[in-house]
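Working notes for the structure below.
Chains as they are written, first to last, in our numbering: chain A, 4 to 310; chain B, 4 to 310; chain C, 4 to 310; chain D, 4 to 310.
Here is the structure:
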């Protein structure tokens, strides 16, 4: 690594801020190796979280936030050096993410607008570091709402009964969605904000750990359709919502966040739906923000959330 | 009803306090009929809750607390009059419960003591209006704990694999338990405070809406065995507990109360169990107190809780 | 009361739905008198809540929801009859509110938009039964946001140091606000959705129990200015929000609703403000909805909420 | 450091487990220095938490859990080496605590037993790593309860109006308490489990950050006496409890943990006290456990809790 890149820690600010995410088989010395490397390269660690699933032979997960003045000029060099000096030795999977690079988030939605609007609003207010290149819906209804935020809206009709997946295992509407997205450049995150169609395994496989769904129940209770109705029928005393990464198995992916709200015999199905909106919005927005800030690491079918 | 029983509302106190619980097909005029009756008989209503499952042809549920000076001397008369003047007309199921009559509660437990001890403690402190004639356990371990509260302890061995139900559909240990309980007089409530054996349908049928179980999950998630382990494996972000009436179907009875507590990737199975104890105790104690105060009405497989 | 007005309970629906709110000195027979009256006039009570602050000489509070087919044609008669047959006898303060009459709600706001937008959104979605004739702000910033909901926006400049109250005890800006509101007709509710100016006692007195403020702390902690900063300095582990009726004493009015959210040493002042927005919105929206549905009764400096 | 002490990471277990707590002025390289040191000495870090109050010139706080086989034989050496090789350079305040050394906790109590019993119970069950050499009370009432746990009970009468502090600024009862405690050896933690007397500044000064009090309100609301009564009078919708370190200023010390529970107009003062007991117990037990596990670091008048 050239001297040019060994900078003194400078003014703290978004510009020089980055996050290191890393995971590997646990063994002694990882933290010493990583922090020694960062120190040698003039980096000032400002936050650090780590987790070991089992000190004896488990996996190790690390997230560090740091400042490095002039980071933008030497990111590539830093990455090469990290791979060479640390990661290869520990067989790490890792990435280094400059904080100022906002993630590109596409939102899929059907007719219910509450989760969508909440995300648009929070991004608009600067609560969430994201760019939203587009919203895609299987209904035309929400076009005006979306466009009023200056965000592009695409309507892709998706028949109730999907046509058979085609050549690449994708349905026709999915191929159309990919086309639209590809035209706009790479996507970091897809959020299903009450999107009421099931995506094909082939489509999901293209976005591993990059699709977040909000399910309107406390999973694993009430997987599948109509959870509020089933909650009302079972007579539960709390209703919940769950944000999770989408995998090939419906409502079975790694859970990122959950929360609940108290209900009683007084609440009818319609009341549950209204109360549920609030909890859905909060759960989804927390999960999305954590993802955007690289706080969620996936360990098999579970998540580690450094919130 | 004789004049002797039409008392003036007297000094407010437990002695003259009672609760009226009633349910019938909903139709206009019920509240007018009930409250008119009570007024005519000099009763002062101090709390009143009602619920209608559907104003058009649903069921109506009523709970009223009232004071009547000299109640103890005219309870029978009041009951007869209510049946005659009100209940028969509306085809009500109803009961009238003097508040000073404490309910008799038997606790069944296995080896884990936290839920049991919490109940013994709260009853001892006067937080819950109950008499505890005995604790029954399929293990001898907790005898000293129970007896230190001045409560009788009975150990009834229950083999892991139940012997086949016998003549009346009861297992041998269940027959033994009934014998022990019968010797002590009628039971108003049986609490399964982490009792780890399954009761036979025949046994349960003898105590309709009078057995409360604490299940260590947020039902309907993780019905059945080992919910904490399964919660850990699924990677949920909240764990819960559910208190419900026991019916013939395992973990399917009417839910009385539920609550949850936040957990994270840091919590191992053992941590979940420790955290869970606190939420189990709170959920169970709330459900039991509500039952003891006649606040829980059952509507099919749901409860109405006038808390 | 004329026969024309004694209707048979008809199809359940908003049209025939009303709420009776009543309070008086507690004494026996009130419920019998009210429900007998309603029954005689063909009214079907669908919900009923009551509260007695003290069975011995306290106050009695009642809220009943009922259906009466043809209500719109006989409301006046029903009111006259109720006053004559019941209310006068018990010296009740009472009102009878048809559910289909939406309340007229004016929102005052300064620069922070989250609480305002949440209310506009919920009203727009039909979650809250209100008409919003206008939003008034001491800053021009939010005009476009408000007008995009089809709601009129008025900017009334309010100097930091209020000019001395004038003739009627009102400041000049307050006189201007009254003028604007008077031009639009009567106001049922004024909501201070993070309105950062203090209203004069004379202004407040014109809207008794009709101004709701959201204070961004868990009152009585952190009354007055800058609660988030003071919460950060005190190192609290939860931050809260409080919705209360405005009285002449700053942040001392009757509390309608409160809630909290967990924070930690990791949260800086800016984080508290962002987290606080969510809790402010929820607390305010619950309080406003309860007021709009006539669920909040005031007892001195406390509220009774029949939620 | 001698070779004897450079051990290979061994079987994970309490025996070789320790915690490093450290704080110093923040500057680059601290983590690298600490983790490099630990690695060189064969230590395997299993958990690590850090916090920086401000990356530019704030304070840095570190807590690390680690395993070192044979730790018990080389703790002194490891400490000397850490001071020499790391701590002196960064002017750290630090301590190294073997996990198997249980802290010695004295409980002070008056007449209310719920917080005391909860602690005795949790310690007895192994939920909290502590030894309890004694309970001291200004009332004799709870002797039997305490002794049934096999814990010594001392009654020290404390007059309502304290006699004037004496020579060393201590009251006579405080001198007596110190005498009793000194006879039993050093104390790591004193818990005021609803102890209703105020300790003198001179007494408190002897146990800096080693006295935890449970206050039965959500501080800073309702500091001082009778918080439940004042909460009832103010009409709050949530009541709370706060565990904090005791300092010379009443109810002003660093807050460790807080929580709340929902109440309504239905709850009378007596109900608040009963509900409050549950939240007091939970808040206090969490705070005490965190202290016992060295998870609480004090930063001025705030705490950093690595929970």
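Yeah, the Cβ is synthetic: ideal placement off N, Cα and C, and Gly gets one too.
Within-8 Å CB hit, residue 34 of chain B to chain C: yes
Rounded C-alpha distance that separates residue 131 of chain D from residue 135 of chain C: 56 Å
Members of the segment 88-109 of chain B near chain C, C-beta cut-off 7 Å: none
8 Å Cβ cutoff, residue 71 of chain C in contact with chain B: no
Straight-line gap, residue 115 of chain D to residue 224 of chain C (C-alpha atoms, nearest Å): 26 Å
Residues that residue 124 of chain B bridges to, as DSSP identifies them: Per DSSP, none; premise fails for residue 124 of chain B.
Residue span of the beta strand (DSSP E) that contains residue 291 of chain B, given as start and end: It is not in any beta strand (DSSP E) - residue 291 of chain B instead sits in the alpha helix (DSSP H) that spans 272-295.
Backbone secondary structure at residue 47 of chain D - three-state DSSP: strand
Beta-carbon proximity list for residue 293 of chain C, same chain, < 7 Å, skipping 5 on both sides: 259, 299, 308, 310
Unbroken alpha helix (DSSP H) run spanning residue 76 of chain A, endpoints: 74-85
Contacts that residue 113 of chain B makes with chain D (C-beta to C-beta distance below 9 Å): Going along chain D, no residue has its Cβ under 9 Å from residue 113 of chain B, so there is no contact; the nearest lies around 16 Å.
Burial state of residue 236 of chain D (16 or more Cβ within 10 Å): exposed
First and last residue of the uninterrupted beta strand (DSSP E) at residue 158 of chain C: 156-158
Minimum C-alpha distance to residue 208 of chain C - residue among C:241, C:248, C:185: C:248
Exposure label - residue 147 of chain C; buried when at least 16 CB within 10 Å: exposed
Contact between the segment 37-47 of chain B and the segment 25-42 of chain C (3+ Cβ pairs under 8 Å): yes
Neighbourhood of residue 288 of chain B by C-beta, 7 Å cutoff - its chain only, sequence neighbours within 5 removed: 121, 122, 125
Reference residue 196 of chain A, options A:54, A:64, A:17, A:290, closest by Cα: A:290
Inter-residue Cα distance where the pair is residue 227 of chain A and residue 256 of chain A: 13 Å
Contact with chain D by residue 221 of chain C, beta-carbon distance below 8 Å: yes
Closest by C-alpha distance to residue 250 of chain B, when choosing among B:204, B:305, B:150, B:273: B:204
Residue 100 of chain A beta carbon less than 8 Å from that of residue 297 of chain A: yes
With 16 other Cβ atoms within 10 Å as the buried cut-off, status of residue 279 of chain A: buried
Status (buried if at least 16 other CB within 10 Å, exposed otherwise) for residue 218 of chain D: buried
C-alpha distance - residue 68 of chain A paired with residue 17 of chain A, whole-angstrom precision: 11 Å
Contacting positions in the segment 40-60 of chain C - beta carbon closer than 7 Å to chain D: 54
C-beta neighbour in chain C for residue 288 of chain D, strict 8 Å: no
CB of residue 37 of chain D within 8 Å of CB of residue 51 of chain A, strictly: no
Entirely enclosed beta strand (DSSP E) segments - the segment 137-220 of chain B, minimum 3 residues: 156-158, 192-195, 214-218
Terminal residues of the beta strand (DSSP E) in which residue 226 of chain C lies: Looking at the DSSP string, residue 226 of chain C is not in any beta strand (DSSP E), and its letter there is neither H nor E.
Sub-8 Å separation of residue 183 of chain D and residue 158 of chain D beta-carbons: no
Continuous beta strand (DSSP E) stretch holding residue 222 of chain B: start and end: No beta strand (DSSP E) contains residue 222 of chain B, which DSSP labels as neither H nor E.
For residue 118 of chain A and residue 200 of chain A, the rounded distance between their alpha carbons: 16 Å
Cα-Cα separation between residue 232 of chain A and residue 56 of chain B, rounded to whole angstroms: 15 Å
Neighbouring residues, chain D, relative to residue 140 of chain C (Cβ below 9 Å): In chain order: nothing, as chain D lies at least about 29 Å away.
Interface residues of chain B facing residue 130 of chain D [CB-CB closer than 9 Å]: 277, 280
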